[in-house]
Structure formats: structure tokens, C-alpha cells
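Undergrad:
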Amino acid sequence: EDKVVQSPLSLVVHEGDTVTLNCSYEVTNFRSLLWYKQEKKAPTFLFMLTSSGIEKKSGRLSSILDKKELSSILNITATQTGDSAIYLCAPTMNYGGSQGNLIFGKGTKLSVKP
Amino acid sequence: NAGVTQTPKFQVLKTGQSMTLQCAQDMNHEYMSWYRQDPGMGLRLIHYSVGAGITDQGEVPNGYNVSRSTTEDFPLRLLSAAPSQTSVYFCASSLLGGDSPLHFGNGTRLTVT
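Just so you know, the sequences run in chain order A and B. Taking our numbering, I'd label the letters of the first sequence as residues 14 to 127. Taking our numbering, I'd label the letters of the second sequence as residues 956 to 1068.
1) DSSP on residue 1039(B), reduced to helix/strand/coil?
2) Comparing the C-beta of residue 996(B) with each C-beta of chain A, is any distance below 8 Å?
3) Does residue 95(A) come out as helix, strand or coil in the three-state DSSP assignment?
4) What are the residues that DSSP puts in a beta bridge with residue 103(A)?
5) Report yes or no: do three or more beta-carbon pairs, one from the stretch 979-998 of chain B and one from the stretch 1047-1063 of chain B, lie closer than 8 Å?
6) Look at the alpha carbon of residue 111(A) and the alpha carbon of residue 1051(B), and state the distance between them as a whole number of angstroms.
7) Taking the straight line between their C-alpha atoms, what separation do you get for residue 67(A) and residue 44(A)?
8) What residues are listed by DSSP as bridge partners for residue 992(B)?
9) Does residue 93(A) pass the burial test, meaning 16 or more other C-beta atoms within 10 Å, or should it be called exposed?
10) Counting only C-beta atoms, is residue 58(A) closer than 8 Å to chain B at any point?
11) If you reduce the DSSP assignment to three classes, tell me which class residue 55(A) lands in.
12) Ends of the beta strand (DSSP E) at residue 39(A)?
13) For the stretch 1056-1068 of chain B, list every residue whose C-beta sits within 9 Å of some C-beta in chain A, in sequence order.
14) Can you list the residues of chain A that residue 1045(B) reaches, using a CB-CB cut of under 8 Å?
15) Would DSSP call residue 73(A) helix, strand or coil?
16) Please list the partners that residue 116(A) has in chain B, where partner means a Cβ-to-Cβ separation under 8 Å.
17) If I follow the unbroken beta strand (DSSP E) through residue 126(A), where does it start and stop?
18) Whole angstroms is fine: what's the gap from residue 64(A)'s alpha carbon to residue 39(A)'s?
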């Protein structure tokens, strides 16, 4: 059965701290790994990772995929209160050329205190 | 520049009532899906579609029906609402091809009493 596990489930840090969020997956026919940020409403797309070992970066956020370990990490440096959100990961699978049965992890709830 | 539009934003139903949650996208996306989100459970896939006339079940399909008569619309029907269906529902869409991220609607908060 396909499985996605995120850790930690929740995290409280202070502004300026660096955090690392983890996502491990067991899916058949893996294609890529997606990261999303969810504040009050809909999840917003952060990264898509398809190649192992290649870091994707956007400002203070970066992410990397390890296909051998079936995992990905999302790093946030110099955290700000605006980073407070739920961070979700989802592995996509090759399924008729679409994302098909896209399964999300339960998410990591990050709270950044001033 | 509408993206994925869901209506209504909020809904309260009594047990046993039926209703349809609407979802429309204007990006010409072939793939559309419905998720429910409950505290501590993440996003769980209900149904999805890879094109007009084609639908399939996700992780938690029981109690829900879908149809896809056009590329733009993907309504979700609750046949006989139950308190266990109290949740936030998200519709999402993407291009086919596997390398396109999902675009989400703003969600519908449904309460069943």
C-alpha cells in the first residue's frame, strides 16, 4: 500500500531559527515529489523534485530528494512568522501520464514565534 | 485569471440531505480531483478524473459521486450527508503528463449536523 510519512507533525520555533522538515514515501512507480505550503486556505505549490541530489531553492526555502532513501527534506533558513503554515508533501506516480492517485502526507504544522 | 473556482465556500446540511459541491477551472486542465481535509488526517483523495467522461475512485470515495461531462467542471455530489462528512473539501486540477503541479481551489467548509 502506498504510504507517505511526514515528520515532525508539528514544530514550534523562534524567528531566525532554521528548520528541516522530512517526508518519506513508499509508492509504486514513483515519478516526482511535490511540496506545498498551506496557510489558511488552499495549499500553494512550492517545489517539484524529480532528480535525486539536486537542490531546488526559492529564497530561504530549499528542498532535495533522495531516491535511494525514498525521502525528501524541506529546509527553511532564518524563519519568519510568515512561514507559519502546514507543509505538505506528495509523491506523484506514473499513471497513464497523469498524477492520478496523488497521496499527501499528513503535513508538518510549523509555528514561528516572534 | 480565475484558476480553480469552488462554490459554495460554506455549507451546513442536515443528516440525510444531498447536495453538490461545484468546481470549475479555466486552465484547460485535463486532470481534476477532489480532496477532503480533516484535522490530523492531511488531504485525502476522494475521486479524480483524467478527462471528460473518465472518473476514478481515490482513497475515500464512499458516500460521494462525481461526473465529468466537460473539461471545465467536476462537481462532487453527496448523496445522503452524514456527520462523518463534515470536513473541508478542496478541488484541484493540473495538466496531464505527470510533471505539472496541482492547482487548488479555495475550499468548501461543510458541516453536517
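Backbone N, C-alpha and C define an ideal beta-carbon position, used for all residues, glycine too.
TA: The answer reads as follows:
1) Here the question's residue 1039(B) lines up with position 84 in the second sequence. Note: residue 1039(B) maps to helix in three-state DSSP.
2) Counting from 1 along the second sequence, the entry for residue 996(B) is found at position 41. Yes, residue 996(B) lies at the interface with chain A (some Cβ there is under 8 Å from its Cβ).
3) Along the first sequence, one-based indexing puts residue 95(A) at 82. Helix, per DSSP.
4) In the first sequence, residue 103(A) corresponds to position 90, counting from 1. Assignment of beta-bridge partners to residue 103(A) by DSSP yields 47(A).
5) Yes, the stretch 979-998 of chain B is in contact with the stretch 1047-1063 of chain B.
6) Locating residue 111(A) in the first sequence gives position 98, counting from the first residue. Locating residue 1051(B) in the second sequence gives position 96, counting from the first residue. Unreliable positioning characterises residue 111(A) in this predicted model, as indicated by a pLDDT of 45, which lies under 50. A coordinate reading is not provided.
7) Working through the first sequence from its first residue, we reach residue 67(A) at position 54. Working through the first sequence from its first residue, we reach residue 44(A) at position 31. Answer to the nearest angstrom: the Cα atoms are 15 Å apart.
8) One-based indexing of the second sequence puts residue 992(B) at position 37. DSSP lists 998(B), 1043(B) as the beta-bridge partner residues of residue 992(B).
9) Mapped onto the first sequence, residue 93(A) falls at position 80. The residue is exposed, with fewer than 16 neighbouring Cβ atoms inside 10 Å.
10) Start at 1 with the first residue of the first sequence, and residue 58(A) comes out as number 45. Answer yes: the Cβ-Cβ gap between residue 58(A) and chain B drops below 8 Å somewhere.
11) Here residue 55(A) refers to the residue found at position 42 of the first sequence. Here residue 55(A) sits in coil by DSSP.
12) If you number the first sequence from 1, residue 39(A) lands on position 26. Taken as a continuous stretch (DSSP letters only), the beta strand (DSSP E) holding residue 39(A) covers 32-39.
13) Within the stretch 1056-1068 of chain B, the qualifying residues are 1056, 1057, 1058, 1059, 1060, 1061, 1062.
14) To locate residue 1045(B), count along the second sequence from 1; it is residue 90. Within chain A, the C-beta atoms nearer than 8 Å to that of residue 1045(B) come from 55, 56, in chain order.
15) Working through the first sequence from its first residue, we reach residue 73(A) at position 60. Coil.
16) Residue numbering aside, residue 116(A) sits at position 103 when the first sequence is read from its first letter. For residue 116(A), the neighbours in chain B by C-beta distance under 8 Å run, in chain order, 1000, 1014.
17) Here the question's residue 126(A) lines up with position 113 in the first sequence. Bounds of the beta strand (DSSP E) holding residue 126(A) are 121-126.
18) For this step, residue 64(A) is matched to residue 51 along the first sequence. For this step, residue 39(A) is matched to residue 26 along the first sequence. For residue 64(A) and residue 39(A), the distance between alpha carbons rounds to 17 Å.
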